[in-house]
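At position 303 of the sequence shown (counting the first as 1) the number is 366 in the working numbering, and the numbers step up by one without a gap.
Just so you know, even glycine gets a beta-carbon here, dropped at the ideal spot from N, CA and C.
Below you'll find the structure, written out as structure tokens, and then a few comments.
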Amino acid sequence: MVRYTASGGLVGSRVEPIAATRGRVAELSAAAHAARISIILLVGVSSAFLAAYAMTRGSANLGMSAIWQLLFRPHELSFTQRFILVQVRLPRVLMSLLTGASLAAAGVVMQGVLQNPLASPFTLGVSSGASFGAAVGIVLGASVFGFTPATQGPALIATNAFAFGCLSLIIVYAIGQTHPGSTAVLLLAGVAVSSLFGAGVSALRYVSNNEALRDLALWLMGGFWAVSWQHVLLLFGVALFSWTILAKLTPDLNTLLAGDDVAATSGVKVRTVRLICLLLATLTASASVAFSGVIGFVGLVAPHITRSVIGQDNRYLFPASLALGGFLLLGADTIARTILAPVEIPVGVVMSLVGGPFFIWILVQNGKRVWN
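Structure representation (structure tokens):
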């Protein structure tokens, strides 16, 4: 029989276990928080070391001491060494990190919003749509749209990529709504849209002149050959804008995991949150494609690896996916530059060799209804 004190409370022998349990839960929660933050920091620090290593490797190898000299004693480096580090390799390293993080951010948001473990810019056709838009800018230029010369160049390519990336997502999403919850329909729609825009890119290659054809061919293979500081700053601006808003929406993404009805009753504007998230994911993925070409599977691989370690909580999953995406793509680009140096392999080829088998594995797991 339950006994009460004179004040109406439970006898201490009944209260103490409950208080102790709450304390243990709080300790476990604090420990889990610390562990997740530690993992994110570990990946970030690893990326910094990898970036330093990548800057010293290439057709002209430099020692790690060159990084120290660049930071603290730049006068000890020759003009050629400073030029290689600051104007050639540093923009490329930063672009690799930004592109990988952007594609991973797009992937983790798309997977969360659509509740589909196979969603990513590559599998949903967003990358293909963005590549077609960028190809239009590369081959036909601003004269097609009547833009002023000030809008030509990287800004035009990025704008076209975003517009056609959005169009691709709208088509795939509309087709997917004919069979809600069907992974197969969504994937097949992505394949169909990718084929459609792929045909458009092929047509542009056919009508382009020699110079445009060369630029387009190099760009389509996916890589960072022609990266400049202008590209880095443009992508950084787009990424910072998108990531800031998406980070603030991570609690709403967590609520969406429980279903639209539960999210709505919790005060989440489901349609608005879903629309904003998809638009920002498309924006950051399209900007990445515009400057680096089509690089597949980063937005698929990074979120899955991170989810298996961090869990489903988007407050941690989102920044961890960004960190791992940047690390993976920087590693792939470093391998592409150095494994057959001075010959360079397109980084898109390296990522496809890694991501293709991983995608097959996810398909098998998804067939078993696994979401972990």
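| request: Under 8 Å by Cβ, that's how I've got Asn-223 and Gly-192 pegged, so tell me the actual separation to the nearest angstrom. | output: About 10 Å separates the Cβ atoms of Asn-223 and Gly-192, ruling out a contact at the 8 Å cut-off.
| message | Just to confirm, is the Cβ distance from Gly-228 to Ser-349 under 8 Å? | response | Yes, the Cβ-Cβ distance between Gly-228 and Ser-349 is below 8 Å.
| said: Please classify Ala-321 as buried or exposed, where buried requires at least 16 neighbouring CB atoms within 10 angstroms. | reply: Exposed, because fewer than 16 other Cβ atoms sit within 10 Å of the Cβ of Ala-321.
| message | Taking the beta carbon of Ala-237 as the centre, do at least 16 other beta carbons fall within 10 Å, making it buried, or is it exposed? | response | Answer is exposed; the Cβ neighbour count stays below 16.
| Residue environment, Tyr-269, which counts as buried when at least 16 other CB atoms sit within 10 Å | Around the C-beta of Tyr-269, fewer than 16 other C-beta atoms lie within 10 Å, and the residue is accordingly described as exposed.
| Looking at the unbroken alpha helix (DSSP H) that takes in Trp-306, where does it start and where does it end? | Secondary structure note for Trp-306: its alpha helix (DSSP H) is the uninterrupted segment 292-311.
| said: For Ile-130 and Thr-397, I'd like the C-alpha separation in whole angstroms. | reply: For Ile-130 and Thr-397, the gap between their C-alpha atoms comes out near 16 Å.
| request: With Arg-378 as the anchor, note down where its alpha helix (DSSP H) starts and where it stops. | output: Boundaries of the alpha helix (DSSP H) harbouring Arg-378: 377-401, taken from the DSSP string.
| message | I'd like to know whether the C-beta atoms of Gly-362 and Gly-170 end up nearer to each other than 8 Å. | response | Yes, the pair counts as a contact, with Cβ atoms nearer than the cut-off.
| message | Tell me which residue opens and which closes the alpha helix (DSSP H) that Gly-228 is part of. | response | Counting along the chain, the alpha helix (DSSP H) containing Gly-228 begins and ends at 217-239.
| Would you call the CB atoms of Thr-313 and Phe-381 closer than 8 Å? | In this structure, Thr-313 lies near Phe-381, with their beta-carbon atoms less than 8 Å apart.
| message | For a test of the three-state rule: what should DSSP assign to Thr-162, helix, strand or coil? | response | In the structure shown, Thr-162 adopts helical secondary structure according to DSSP, grouped into three states.
| Which residues in the same chain have their Cβ closer than 6 Å to the Cβ of Gly-121, if we skip the five residues on either side of it in sequence? | Excluding sequence neighbours, Gly-121 sits near Arg-400.
| task | Would you check if the distance between the CB atom of Leu-113 and the CB atom of Thr-119 is smaller than 8 Å? | result | Taking 8 Å as the Cβ cut-off, Leu-113 and Thr-119 do not qualify as a contacting pair.
| By Cβ distance below 7 Å, which residues in the same chain neighbour Phe-208 in space, the five residues on each side in sequence not counted? | Confidence at Phe-208 is low in this model, with a pLDDT of 49, below 50, so the placement of that residue is unreliable and no value is reported for it.
| message | Tell me the rounded alpha-carbon separation between Arg-99 and Ala-310. | response | Rounded to the nearest whole angstrom, the CA to CA distance from Arg-99 to Ala-310 is 16 Å.
| field | Expected contact under 8 Å - CB spacing of Asn-179 and Leu-133 to nearest Å | value | Here Asn-179 is actually not in contact with Leu-133; their C-beta atoms are around 44 Å apart, not less than 8 Å.
| query | Per DSSP, what kind of secondary structure is Phe-421 in: helix, strand or coil? | reply | Residue state, collapsed to three classes: helix.
| task | Kindly indicate the opening and closing residues of the alpha helix (DSSP H) around Asn-273. | result | From DSSP, the alpha helix (DSSP H) with Asn-273 extends over 273-283.
| Is it a yes or a no for the segment 270-290 touching the segment 152-162, going by three-plus beta-carbon pairs under 8 Å? | Contact between the segment 270-290 and the segment 152-162 is present: 3 or more CB-CB pairs across the two stretches fall below 8 Å.
| Contacts around Ser-110, its chain only, beta-carbon distance under 8 Å, and the 5 residues preceding and following it disregarded | Excluding the 5 residues flanking it on each side, Ser-110 has same chain C-beta neighbours closer than 8 Å at Leu-160, Ala-386, Gly-389, Phe-390, Leu-393, in chain order.
| query | How many Å lie between Ala-198 and Ala-97 at the Cα? | reply | CA-CA distance, Ala-198 to Ala-97, rounds to 45 Å.
| query | Expressed to the nearest angstrom, what Euclidean distance is found between the alpha-carbon atoms of Leu-251 and Leu-298? | reply | Cα-Cα distance, rounded: 30 Å.
| said: Once the 5 residues before and after Gly-253 are set aside, which same chain residues still bring their CB inside 7 Å of it? | reply: Within the same chain, Gly-253 has close Cβ partners Thr-186, Leu-187, Gly-188, Val-235.
| message | As a quick exercise: from Gly-163, Leu-166, Ala-123, pick the residue whose alpha carbon is nearest that of Arg-145. | response | It is Ala-123 whose Cα lies nearest to the Cα of Arg-145.
| Whole-Å CB distance - Ala-221 paired with Ala-302, under 8 Å assumed | Not really, about 12 Å apart at Cβ, beyond 8 Å.
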